[in-house]
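Participant: Take a look at this one; I'll ask things after.
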Amino acid sequence: MALINCPDCDRQVSDRANACPQCGFPISQLSLMAIGQISTEELKFPDLPTDLSIGTQLVNWFYNAYIKGTFDPQKNIVKGIPEGSINVTLHKKGIAINRYFENLLKLHDSQIISLKYLSDKELRDKSALGRAIVGGVLLGPLGAVLGGLSGVGQETRSKYHLIINYWSIGTKEPTAIIIDCKDTPQLFIERFEKRIKKDNS
């Protein structure tokens, strides 16, 4: 859970609230992707549950619980994930990044701030990338990563870029991981959001 500012009255409200308690604005209709407009100063490390297991992988009958991608360490500050092909899978209580049968990163729902995707064209637009990455997570001393990403353009073979904004348990800071995808992650993100909404109702 994170606190966001209501777009109507600008008061802080839980991102999981159905409506703003002050003005009644329908918060539940906001996409998790809108969280990318929050500054890191407004974000506070959440109280994580003691059990951070993500449960079993969701069934992929409709091809929306799994996405293939490529991890490029030059585009990321996340350590411990080797360069190359990876899979991102939805689980009952989180997301896993895998390579074949090796788990590279598991993120519990309570760690995930937002999921967003950009096309190649949007990636070249620094303002779109800045909105996709929570509070400009990669700005500051890591601003070179942001600048380098927007210039990737012609060299890349992927069409889309899945951006997972999450809380790092080690640093207790928001961070982002960028995964290059040939197919749009839109259905994957929609299924994640529906599962979160269902779990919170």
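For the sequence shown, our numbering puts the final residue at 273, and the numbers step up evenly by one. Positions of the beta carbon are idealized from the N, C-alpha and C atoms, including for glycine.
(1) Can you tell me whether residue 84 is buried or exposed, with buried defined as 16 or more other CB within 10 angstroms of its CB?
(2) On the criterion of 16 or more Cβ atoms from any shown chain inside 10 Å, does residue 247 qualify as buried, or is it exposed?
(3) Assuming residue 162 and residue 169 form a contact by the criterion Cβ under 8 Å, report the distance between their Cβ atoms to the nearest whole angstrom.
(4) Taking buried to mean at least 16 other C-beta atoms within 10 Å of its own C-beta, is residue 95 buried or exposed?
(5) Take residue 103 and list the residues in its own chain whose beta-carbon comes closer than 6 Å to its own, dropping the five residues that flank it on each side.
(6) Can you tell me which of the three DSSP states residue 145 falls into?
(7) Hey, how far is the Cα of residue 140 from the Cα of residue 242?
(8) Taking the continuous beta strand (DSSP E) assigned at residue 259, which residues delimit it?
(9) Hey, out of 186, 269, 238 and 264, whose CA is closest to residue 129's CA?
(10) Quick check on residue 143: buried or exposed, where buried means 16 or more other Cβ atoms within 10 Å of its Cβ?
(11) Over what stretch of residues does the alpha helix (DSSP H) that includes residue 174 continue unbroken?
(12) Can the beta-carbon of residue 257 be found less than 9 Å from the beta-carbon of residue 179?
(13) Which residue from 159, 244 and 240 puts its Cα closest to that of residue 135?
Facilitator: On the basis of the data shown:
(1) exposed
(2) buried
(3) About 11 Å; that fails the 8 Å criterion.
(4) exposed
(5) Only weak support exists for where residue 103 lies, its pLDDT of 40 falling under 50; the value from the coordinates is given anyway. Closer than 6 Å at Cβ, skipping near neighbours: no residue.
(6) helix
(7) 27 Å
(8) No beta strand (DSSP E) holds residue 259; the alpha helix (DSSP H) holding it covers 258 to 271.
(9) 264
(10) buried
(11) That residue, residue 174, is in no alpha helix (DSSP H); its beta strand (DSSP E) goes 174 to 180.
(12) no
(13) 159
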